[in-house]
Structures are given as C-alpha cells and as structure tokens.
Amino acid sequence: MISSVHAQIFSSSDHNIYFKTVHMIPHSHWDVGWLKTKKSYYEEDVKPIIEGVLEALEKNPKRKFIFVEMSFINYWWDEAKPHWRDLFIKFLKEKRIEFSLAGMTMSDEAANTYTSVIHTLTRGHQFVMDTFDSQIDSQTNGGVKTFVPHTSFRIDPFGSTTTMSRLYAESGLNDTVIMRIPQTIQTEMRNSKKMSFSWKLSDGSTVYSNILDYQYCVRPLFFDNEQGAIAYVDEDEAAEILHEQIMKYSLGFKQSDIMIPAGCDFTFKYAKNRFELIEKAIRGIEKNSTKYPYKIQYSLLSEYMEASKPQTDPQNIVDYDFMPYADGPSAFWTGYYTSYPILKQSIRVAESFFRTSKTLFAISVPFVREEEKSSYISEGFRNLDVLAVAMADVTHHDAITGTSKFDVTQDYIQSLSDGVSSAKKTLFKALSTLLTSRISKGDMLLENYGALLSQTFSFKTFLETLEKLVTKRIRDYSVPIAVYNSLGWAIYNHVSVINVDDAVVDIAAQTCFYDQSGKPLKSQIVRSLLDQNDQDLHLIIPYVPALGYTLAFAKPCKDVVQNDMQETTIDIDDKKGYTVTNGKTSLTFCQHSQIGGVTLCSVQKSDKKYDLSQQLMYYESDSSSYYSQHSGAYIFVPKAQNPKPLITSSTPKKITITKKATRGIFTQVSQDIAANVKQYVRIYEPEVAQQQGFDFEYIYVVGPLDLDQELITRFDASAFITSGETFYCDKNGLETVKVSRKSKVEATYMPMVYNCYIRDETRNTQLTLFVTETHGAASIHNGQLEIMLHRRTSSDDGRGVDQMVNDDSVIALNIKVRIDQGLKKAPDLRGIAFPKETLMNNYPPFLAPFAKDFYTPISYYNDDGEAVINVESASKLVEEFSALNRPLSDNLHLTNLDIVLNRKSFDASDAKALVQLQHLGTNEGKETLTIRTMFIKELVDKKVLTLDETNLSTSKKISQGRTSDFFSIEPFTFKTFLFKQGKATPNYDFKEQDQALEWTFSLGLLLASVVVLVFLSLLGIYFVYRQARDSYTIIEQQDKP
1 MISSVHAQIF SSSDHNIYFK TVHMIPHSHW DVGWLKTKKS YYEEDVKPII EGVLEALEKN
61 PKRKFIFVEM SFINYWWDEA KPHWRDLFIK FLKEKRIEFS LAGMTMSDEA ANTYTSVIHT
121 LTRGHQFVMD TFDSQIDSQT NGGVKTFVPH TSFRIDPFGS TTTMSRLYAE SGLNDTVIMR
181 IPQTIQTEMR NSKKMSFSWK LSDGSTVYSN ILDYQYCVRP LFFDNEQGAI AYVDEDEAAE
241 ILHEQIMKYS LGFKQSDIMI PAGCDFTFKY AKNRFELIEK AIRGIEKNST KYPYKIQYSL
301 LSEYMEASKP QTDPQNIVDY DFMPYADGPS AFWTGYYTSY PILKQSIRVA ESFFRTSKTL
361 FAISVPFVRE EEKSSYISEG FRNLDVLAVA MADVTHHDAI TGTSKFDVTQ DYIQSLSDGV
421 SSAKKTLFKA LSTLLTSRIS KGDMLLENYG ALLSQTFSFK TFLETLEKLV TKRIRDYSVP
481 IAVYNSLGWA IYNHVSVINV DDAVVDIAAQ TCFYDQSGKP LKSQIVRSLL DQNDQDLHLI
541 IPYVPALGYT LAFAKPCKDV VQNDMQETTI DIDDKKGYTV TNGKTSLTFC QHSQIGGVTL
601 CSVQKSDKKY DLSQQLMYYE SDSSSYYSQH SGAYIFVPKA QNPKPLITSS TPKKITITKK
661 ATRGIFTQVS QDIAANVKQY VRIYEPEVAQ QQGFDFEYIY VVGPLDLDQE LITRFDASAF
721 ITSGETFYCD KNGLETVKVS RKSKVEATYM PMVYNCYIRD ETRNTQLTLF VTETHGAASI
781 HNGQLEIMLH RRTSSDDGRG VDQMVNDDSV IALNIKVRID QGLKKAPDLR GIAFPKETLM
841 NNYPPFLAPF AKDFYTPISY YNDDGEAVIN VESASKLVEE FSALNRPLSD NLHLTNLDIV
901 LNRKSFDASD AKALVQLQHL GTNEGKETLT IRTMFIKELV DKKVLTLDET NLSTSKKISQ
961 GRTSDFFSIE PFTFKTFLFK QGKATPNYDF KEQDQALEWT FSLGLLLASV VVLVFLSLLG
1021 IYFVYRQARD SYTIIEQQDK P
C-alpha cells in the first residue's frame, strides 16, 4: 500500500553530489490482499505483470527485476505454461531476475507471532529451493548455489523492529531495506546522512540496513496522469524529472552508490512500455554527463547492497526499533494493533490448529504401514499445505493488521476456514493412526477403525451419541475424547471447553467424565458467553502428556443429577464490597471511590493484599474536522487524551456470582456494563490457576460498538507498583521492549502480541497481562496498564483503504492477570515474561471427540468407589501416547515439528522431519541433549541417523550429514534440524500372538505331569484373552441395547 507523501523538487545545485552510481531497482509491490482479494489481484494484476516482465526482459538484456512475495510466484508457477517457466528460469540463471526476502508475503512486523513469521519465510524459501534450485547448473551466472536470497525488501510494513531483523538474519537474509520509520527519526537520519547503517540485534550481531527514503515508489515514473510525470515529455525533460527524484532520494546518504526504487504497487502490468518510458529518462541522463555526473543502471537489490555495504560508516550503529510508525505529527499508526480483533483472533486460533495438525502428522508417520506410507505422506502433506499457504498469507501487512477492505478481510477468514477443513483430513488420519497402532490389519475388532473419530472434530455427533446412552441409562458404554498436546511439556489440570446446544443441556448435566483409569473428572456447565441460549461445559483434564494425547471418557452418571450451579445477584452498596475466593486468592469487588461504579478493588494473594482496580473506558475517535487527521484502520487519533469511563456511578451496581456447589472449577463474577459490553471475571481453583500461571482472568464480550468508540480496559496497580513512565511489551512473542511514555496517548501505544507488564524495581512487584490475540497496549499513568480491546470509527484515515473501521462484530476477549511479589530479577529483554505459561495460554490442548461409543476403560471405579480392572472390556486402543521419552525442560520450547517434502516431486521417500527448538532463557546456562534420547525410538532410527542442522527457514545448511545427534543450545537461541525418521515397531500381529499362546498351551500339556499349576495358569490366561477378544467382535456385530 502507498500513503501520500508529496514530492519535493531538487536540482543538481541543491547540495553536493556524493554518489557516483545510481542503482535503479525495478520491482512491483504485491499486497496479498488489500483493496482486492488475493485471487482478484492475481488474475487482474500479478499474472499479467509476471508475463509482461518476462517479455520485456527478453527484449533488452540490460533490464532486471526483483520479486518479493512467493505466494503469488507459487500461484503463478503452478499454472504457468512451459514457455513462461523456461523464460523465468533462464533469467534467474542469468541474474536478471532475483528473489528478495522470498517469504510467502511481506509480513507485518507488529501483530504477528514469531512462529508465524518463521513459517512464512520457511514456506517461501522451501518453495524457491524445491522449484528453482534444481535448475542451477554450469550455465548459472556467479557461482550461485541457491536462489534463496540474502537480502530482504521490507518496504511497506508499518514500522520495523530488531526482532524481525533477527528472524530474517537467522533465515539467511543478512542485508535489509526498510522504509516506514517514524517521521521525526526519518528527518534526523536524512539530515545527518545516516540512512545506511548497521542495525544491532539483541545478541550483539548487526545487520546491514538501508532506509528507503520517502516512498518505495517514484511516482513520476509510474503515475502518468499526475503532474510532473515522464510519460508525455521528451528525453531531456524526462531526464530532469528523474534527476530531481534521484537527488531527493540521495539526501540521506553519503556514499558513492545509491538506490532508486523503480516500482510501485502492482506496477509493470504493461512492462515493455514502462521499461521504455524509464529508459527514455535514462538516455537523457546518459547523454549529458556534465549536467548529470553519475552512472545510472538497472540493478538487482543484492548488487546494490554488495556495492554500498563496504561504504557504510562502521560507527553508524542503530540499536532501537522504528516502532510505532508515524508519517505526520498527529498520524501515529497504532490503531491497526487492534483493528478487527475478530480477524486477529481467527488467525491465532488457526495458528494453534495448524501446529496441532502438523505435529500430529509428523509423529504419526512412523506408525503407518510401509505399503501405505508413500500415499499417506504425500496426501497428508498436500492437505496441510492448503492451511500452510493460508497461514502465510495472513501474516501480510494488510491482513493481520485489519487494514484491508472489508470483503478482503472476510476472504482472509474464509481462506483460513478452508485451510482448517483441509488440514482436518490429515489430523483425523494422524490421530486415528496413533490410536489404532496396536490393531493388526487382519484382526479388526471393530467394523471400521477409520470411523472412530468425528472427521469434522465437531461435538455434535459426540453429544448425540451421549444422548442415546443417557436416555437409555446405558452405563457400560462411554464416548471417548482424545485430548492432544502439541507442546513439549506435559500439561496438568487443563480446562477444556465444550459448547453445548441448549437442546441437550440436560443430557450434558447427566454426563460424567472419567480419565483412562476411571477416576472422575471435574466438570462445570455455565451459560455460553457469546450465545446465551447455549451452554459451555468446562472439563478439567488432569494430565496431558508432552507432545502426545490422553483419552477422557464420557458416560451417563450413576444417578440422575440436576445441574448444581448456583447463581446469585449481589447489590454492592457504598460501605462494603463482596469477596470471592478459591481458598488461596481472593478478589473483592466494591464501589470504587475514584471510579464511582462497581469494580475490582483488591486482590488477596499469599497473605498479601494488593489494591488493584480495573475500569472499562473508551477513547472517542477524532473525526471532527475535514482537515484534521482522522482515526481509521491504521491510525489512532483520540479526540481527547483522557478516555471516558464506561463504568460510572450510574452503571448498575449489581454483580452476578456463578459457581458450582461442589467440585467446581471456577467462580464467575459477571457485570452488565452497557448494552454492548459485558464483563466476566473468573477465579479458578488453585490447582488450575497454579498450573496455568495466572491468578484470575477477565473475559469481555464486546460489540457492536458505537461509532467512534475505541474501547480499553485499564488496570490500576499504582498502590503497589511505582512504574514511573515505563512499561514493557513483547515483540512478536519472542523478545521484549522497554517503552517510555510519550507526550501523546496515541504515540505511547505499542503492539501486544502475548503479554505486557509494569513493575516496581524497588518493591520487586510486577503486574503482567496476557492476551490470546494481538492488541494495542500502553501505560499512560504511573502504575497503570491499559489494553485496547475493540474499535469502530466513522471515518477513514486517508491511507489508501478508503473505508471506515465499521467493525460491528461481537467478540469475546480474554485477558489473564498475574501479580508477582519478590521478582528480584526483571525478565530478560532477550526473551519474554513467563514464556512457558504464555505459550501454554496460546497453544492449548486440542479436543477430538469420538463418533462411536465403547466399553468402559480398562480400569474404572465401580458404584462403591472401588477400583476395578475389567479385562473383558479392555480396549485395544492406545489410550495414552507421548512422542517424547520425557518432557522438555522449562528452558526448551519445541517451536516446530513438521514433515518436509519436496514440492516439485512430492517424493515421500525423501520426506524428512523438521525439528526446531528454542531456548527460552527461563534459567541461565545452555541445554544439552540428543535427538535420539529426546524422541521415542519409533520416531528416530537409532542405528542410522544423520542430521542436517540448518538456519531458521531451512534455506542454509549449517552442518550436513552429522552422525552425532548430540547438541547444545544457548539461551535465547534456536536450533533447527532435518532428519529421516525411523521405522516404527510393526503393529501387534494378533495371529502371531495366538500361535505363541497355542504353543505355550501345548508346552503346558507336555509338562502337565511335572508342573500342573503352570499349565493351568497358561490355560487360564489364554482363555481370558480369547474371551475378551471374541466378546468385542460379537458385541460389535450385534445391535447395542
């Protein structure tokens, strides 16, 4: 996208000319959805541009071009005719075409998680390697070993950070060009001629960086109908127009080589004509070397970076972020941190599901029979790739930001939905494979093990099956739920939520849940927050293995029970409040003297009282004057610096307390704040809160907002935290930035991807807030921390999208709250606060309901409360599984586990496992481990194992063919490996087991005269075994009662 920056006029006499060579970089910036959908952009713009550029390059060997967004190149390549493919490869090999960045898209640098950015780069770089690197031969210019670039062209994201530069650098992109930086900094760097610099990263390394001044688009070269365009003038006039632009772009540099961006949004649709117009101006410059004393040429970005890099002042080091972005004194681009939260939430839900699907797929492959493995891998990979592309696309800087046209936003959500539907096919097969890995092909005990699970993972069939059991009081059967954990840590006391249609609420209330040993599980039903006609069933899963699953079982309760939820409405008067507690933490609600309405007043934790309050407020968007800067999709402009309270003395002073009489999971405090805003506070039982790493949570059900409302929640901890003008927020969930308050609210806001906090360095107290989708956050006053929840504006902000933020969605937003006392050491800014807890909050276990009912688990508690081993009803399903020999330490995070397959050949025999680990820095010191000891034997061939260690995006081998799998990982670093998986132990062959038992039986007969007791024992074992097996077969052939 382009924002309007007016051109200035320069001539050669305006200042000294330092440069000797002007590198014209032909490019075309492609938004993967903005004013049009991706498909429309491709059909109407991108395809004609690619083929037009190829035709133009064929006409003139001096012409060059760079491509950035691989999502479109991938799209085009899949349908391109051989002639176009051959030309493309020819120009790649001649170094007349070059990829820069080569991610699937140019990702936003504020709102994305670091894992989504790594994925976007990995998917793009793997496409380049799979599709083009095989074409490298002796005819390829320059000794090229890969067409994956070492430069990144990041010219449109709305601000840039060292964290993103680190991710790019660790993916092989060591030289970078950025554009959108705060206007004040831009002016300073231009005046001091320091727009070419070394950018210092958190680990002390540096990245060679250039700032593309003004725009990535030289308008006179491309906007033919604007005044001053080169289209309708002669060579001499065109030369002077281009020279003026060159002088303007050179102001921030003092070096012999400078760069001019010869491109714009979706330019070069008619490439031959466009190149000819540019060359008209170039000829005018070249024929007058006295007036224009420099050389001008087409260049690739890598050629410019290589030429200019040695000229950079080694003392010109920048160690800060260019965030938030501002292109005017009242134009801070901090609104997009929150715009369209329903899209941001959908992306994070899809990201969690994507992780679930690809990790399950990876750990299931070794358990597939060899004769089926090839089709299993290729089909599963293709299904997952639909979601992989959709996930990459939504990292785009006009996607997750909420800054595209409304129909494009809807298209993004639809693409995620289509991707999830495709990935479900792989997930279904993967989980079914693991569940049935004990069952032999010739001895199926059920009619179709492939129909165990709900293929849509919907609880509709699950509840319908339960309804039959409950109605008929059939307690011998249960309906399992598989609970899968994609993280490398075991999870304890996880609260899973099942939405229950109002029609079957009574059925759910009469359903009891058990773990695989038959121990009852806690459950609690409350009214659904988004649809008051439905109910949400909350269920505690006591234990989910690391990178594995367990089963929970639902069956009719022993006695018909009524829902024992208690709901009480409390009037809060002036004198006394109301306290809810879980026995360890207490929350007191009262009429707050300063706020005027009823709100949280204090928290009691570990015998310490903290006066913490919370208030819902809103900034009124500024749309008052035609001439003033308006609040819109990108820009946040409040009409006043102080927000208006939503909770006032006139707000109803009632709170509703909802809790379960016995064996509850949480107590809920709800308030109707306004017609379009409801607030829920939940305090969980200690075993839940302690394991999940928070004290309590707020859930806001918000929308539709009134126009020009930008809703915030503000927490005031000033009674126990003196934070001054400082607060901290994570950067893409990977690192943390220390922020100082600015003079304006809108300038103070920062992106909050995972968490933000304020702390008191003297008292060692800290308040941390956790979110599950990106928001804007700020500390405007000492001891306070606020989060923007939702926004809706009546105006456009004039940055190209040309529509107001008319987001009338209703959304439930979750914020978890944690108070810490005695944190003597502040969190390391190279990481984030409470990384394990944060990741567990964002990647919760996935629930997969069964579509069939089964006998009760192997063991269970009978009606008298006694543990019973029931051999006859023993299930042959694998009821619990972990792909790890032991959980990872709290220091280590399994960032990625995937199957890598060449996208050109789809040869499953070459499939490799991708394992990526991250040291979170929770504790100091490096971690040492081996791949063989980390994974179970089925996943790793322990006899023949060779490792390739790569960079983040797998585009560069750090070491290749290692036979030693021992490695160490330093704090705040990544390790990425590729290796061939092992072959799993064959599934149990029950026919062979039968033969073995029969042989033992015969041996017992021969030895009966000597060891009668041994014979009887063996006979008894055999009889029980066959009875259990046959009873299964017979039962499944008959109609169930």
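For the sequence shown, position 339 matches number 339 in the UniProt record's numbering, and the numbering has no gaps at all. Cβ atoms here follow ideal geometry from the backbone N, Cα and C, with glycine treated the same way. Computed from a prediction, not measured in an experiment: that's the story for all the values here.
Kindly indicate which three-state DSSP category residue i falls into: helix, strand or coil?
i           : result
residue 814 : strand
residue 565 : strand
residue 776 : strand
residue 49  : helix
residue 311 : helix
residue 620 : strand
residue 886 : coil
residue 493 : strand
residue 629 : coil
residue 791 : strand
residue 857 : Any reading at residue 857 needs caution, since the residue's pLDDT is 46, under 50, leaving its predicted position unreliable; the model's value is listed next. Of the three classes helix, strand and coil, the one that applies to residue 857 here is coil, per DSSP.
residue 25  : strand
residue 610 : strand
residue 154 : strand
residue 829 : coil
Between the beta-carbon of residue i and the beta-carbon of residue j, is there less than 7 Å?
i           : j           : result
residue 52  : residue 271 : yes
residue 765 : residue 821 : yes
residue 221 : residue 278 : yes
residue 921 : residue 887 : no
residue 453 : residue 364 : no
residue 768 : residue 833 : yes
residue 587 : residue 683 : yes
residue 698 : residue 730 : no
residue 386 : residue 357 : no
residue 377 : residue 851 : no
residue 891 : residue 919 : yes
residue 190 : residue 843 : no
residue 927 : residue 969 : yes
residue 500 : residue 845 : no
Taking residue i as part of the beta strand (DSSP E), name the residues at either end of that continuous run.
i           : result
residue 950 : 947–950
residue 589 : 585–591
residue 605 : 598–605
residue 895 : 892–900
residue 396 : From DSSP, residue 396 is part of no beta strand (DSSP E); its letter is neither H nor E.
residue 659 : 654–660
residue 781 : From DSSP, residue 781 is part of no beta strand (DSSP E); its letter is neither H nor E.
Can you tell me the Cβ-Cβ gap for residue i and residue j, rounded? I've got them flagged as a contact below 8 Å.
i           : j           : result
residue 979 : residue 945 : 6 Å
residue 484 : residue 431 : 7 Å
residue 899 : residue 361 : 6 Å
residue 68  : residue 153 : 5 Å
residue 826 : residue 932 : No, residue 826 and residue 932 are not in contact; Cβ-Cβ is about 38 Å, not under 8 Å.
residue 815 : residue 770 : 7 Å
residue 879 : residue 551 : 5 Å
residue 389 : residue 34  : That belief does not hold up - the Cβ atoms of residue 389 and residue 34 are roughly 18 Å apart, past 8 Å.
What residue range does the alpha helix (DSSP H) around residue i cover?
i           : result
residue 374 : 370–393
residue 341 : 341–364
residue 82  : 82–93
residue 435 : 406–435
residue 524 : It is not in any alpha helix (DSSP H) - residue 524 instead sits in the beta strand (DSSP E) that spans 523–527.
residue 126 : 114–131
Legend entry - 4 or more residues per run - each alpha helix (DSSP H) lying fully within the segment 674–762: 686–692 and 745–748
Inset, instruction - Entirely within the segment 904–941 and at least 3 residues each: give me those beta strand (DSSP E) ranges in chain order. - result: 912–919 and 927–930
Legend entry - Those runs of the alpha helix (DSSP H) which lie wholly inside the segment 184–262 and span at least 4 residues: 235–250
Legend entry - Every unbroken alpha helix (DSSP H) within the segment 496–522, with a cutoff of 4 residues, ordered by chain: 505–509
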